[in-house]
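Visitor: First the structure, then my questions, so here it is.
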Ligand SMILES: [Zn+2]
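Residue numbers (the working numbering): 770 to 822.
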């Protein structure tokens, strides 16, 4: 199985679920941030992790 995880560039945390992310609703799209250090996470990653439970 392939796992979808992302290593935060800011704090090095492994972000695996949407619970590890903070979402900020923008005008046209949502922005995703690491919940631990608020470093921006690529939108593609956020969209993938959003569907995980
Ligand atoms: Zn982080």
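Backbone N, C-alpha and C fix where the C-beta goes; we use that ideal spot for every residue, glycine too.
(1) Would you tell me roughly how many angstroms separate the C-alpha atoms of residue 773 and residue 806, rounded to the nearest one?
(2) Comparing alpha-carbon positions, which option in 789, 808, 814, 820 lies nearest residue 778?
(3) For the alpha helix (DSSP H) that contains residue 817, what are its first and last residues?
(4) Which residues does DSSP list as the beta-bridge partners of residue 808?
(5) Relative to the alpha-carbon of residue 781, which residue among 794, 813, 800, 804 has its alpha-carbon at the smallest distance?
Guide: In this structure, then:
(1) In the chain shown, counting from the first residue as 1, residue 773 sits at position 4. In the chain shown, counting from the first residue as 1, residue 806 sits at position 37. In a straight line, the C-alpha of residue 773 is about 20 angstroms away from that of residue 806.
(2) Translated into positions along the chain shown, residue 778 becomes position 9. The residue with the shortest Cα to Cα distance from residue 778 is 808.
(3) In the chain shown, counting from the first residue as 1, residue 817 sits at position 48. Per DSSP, residue 817 belongs to the alpha helix (DSSP H) from 812-819.
(4) In the chain shown, residue 808 corresponds to position 39, counting from 1. According to DSSP, residue 808 bridges with nothing at all.
(5) The count along the chain shown starts at 1 and reaches residue 781 at position 12. When only C-alpha atoms are compared, the closest one is 804.
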